[in-house]
Structure formats: structure tokens, C-alpha cells
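All you need for my numbering is the position in the sequence shown, starting with 1, plus 1. Note that CB positions come from ideal geometry on N, CA and C, so glycine has one too. As the structure is a computational prediction, the values presented were derived from the model and not from experiment.
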Amino acid sequence: MTVNIYDSVNQVASDLPQTQQFMAVQNAFAALKQDQVAFSMYKEFSELQEVLRNAQLNGQQPKEEDVKKLQELAKKMNDMDAVKNLMAAEQSLNQLLNDINSIIIKPINDVYDLND
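1. Pairs of beta-carbons, one from the segment 82 to 94 and one from the segment 21 to 41, closer than 8 Å: are there three or more?
2. Beta-carbon separation of threonine 20 and leucine 97 under 8 Å?
3. Report the three-state DSSP secondary structure of asparagine 102 (helix, strand or coil).
4. Measuring straight from C-alpha to C-alpha, what distance separates methionine 81 and valine 4?
5. To which residues of the same chain is valine 68 closer than 6 Å at the C-beta, ignoring the five residues directly before and after it?
6. Which whole-angstrom value describes the C-beta separation of phenylalanine 30 and leucine 74, a residue pair presumed to lie in contact below a C-beta threshold of 8 Å?
Written out as C-alpha cells, the structure reads:
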């Protein structure tokens with residue numbers, strides 16, 4: 002009997018937005034968007050982070066001024082409640098995703114179990 006594993010994965014994807022962790026991220030991001038200063042800084046941080054990531058992926062050294070600016074933005078954002086709440090919610094969702102991944106890869110790990 003063959004199983005269409007994509008049906009199972011699609012069900013997990015469908016269920017994910019109904020989890021407490023997902024809804025917490027959604028609510029925290031909505032709250033962040035309401036804080037114009039925090040949201041503007043968050044957008045600038047995200048865009049600069051993407052620039053630095055692309056530079057590294059292309060084998061380029063990131064510009065020192067960009068790295069400093071990113072660090073300054075991160076420091077300022079760490080003092081903002083809206084950002085702190087989003088980061089906490091993201092950590093919780095990430096833990097859920099890590100747990101799901103562990104469950105999914107368990108059969109693969111079992112194949113390579115050296116204790117049998």
C-alpha cells in the first residue's frame with residue numbers, strides 16, 4: 002500500500018494556523034504593525050538583514066556600515082515591547098516546528114540506529 006504523504010503534510014499545514022503558537026505570532030505581528038515607530042524600524046531591520054544575507058550568499062563581504070546599522074537597529078528594537086512580544090511568539094512557534102520536524106524525521110533516524 003502506498004501512502005500519499007503530501008496529504009498528511011497538507012493537513013499539518015492546514016492545521017498550523019489554528020495552533021496557539023501561530024495565532025500568537027499573528028497577533029503579535031498585528032500589534033507591531035500598530036506601533037508605527039517599531040514597525041518602521043522592524044521593516045528597515047528586515048530589509049537590511051536581507052541585503053546582508055544576499056551579500057553573503059553571493060560570496061561578498063557585507064559592508065561594515067551596514068553591519069553596524071543592523072546592530073544599532075537590533076539594540077533599539079530590543080527595548081520595544083512590540084518587538085519583544087513578536088520575538089517571544091516566534092520562539093514558541095519555532096519550538097512547535099522543531100517538535101514537528103523531530104516527529105517527521107524519527108523514522109529516518111530509526112533506519113540509521115546503530116544499536117540494533
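A quick look at the data gives this:
1. yes
2. The answer is yes: Cβ separation under 8 Å.
3. If DSSP states are grouped into helix, strand and coil, asparagine 102 belongs with the helices.
4. 47 Å
5. none
6. About 18 Å separates the two Cβ atoms, so there is no contact after all.
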